[in-house]
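Everything below concerns the one structure shown next.
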Amino acid sequence: MEIKRENESDYTEDDLDQANKVVGYAKRHIKQGPDNDVENSKWRYSLVNWGHDPLK
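Everything in the sequence shown is counted per my numbering, starting at 4 for the first residue and increasing by one.
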């Protein structure tokens, strides 16, 4: 979340590396979604902790 508060021109290499890790994790994790009850699943809560809500 700290990265989102900065201007893109102020991003460091470390910021970009961290952002890429988060995006990669979310993309892999999204593919492993549950068959039912997405709203109350551990899968969704895990993604929300990483800054992505699959219901929005």
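Ideal placement from N, C-alpha and C gives every residue a C-beta, glycine not left out.
Between Ala29 and Trp53 the beta-carbon gap is near 6 Å, inside 8 Å, which marks them as a contact. In the three-state reduction of the DSSP assignment, Glu42 falls in the coil class, being assigned neither a helical nor a strand state. Rounded to the nearest whole angstrom, the C-alpha separation of Val25 and Thr15 is 16 Å. Residue state for Leu19 is assigned as helix, using DSSP reduced to three classes. Ranked by how close their Cα comes to the Cα of Gly36, the residues Pro57, Glu11, Gln21, Gly27 have Pro57 in first place.
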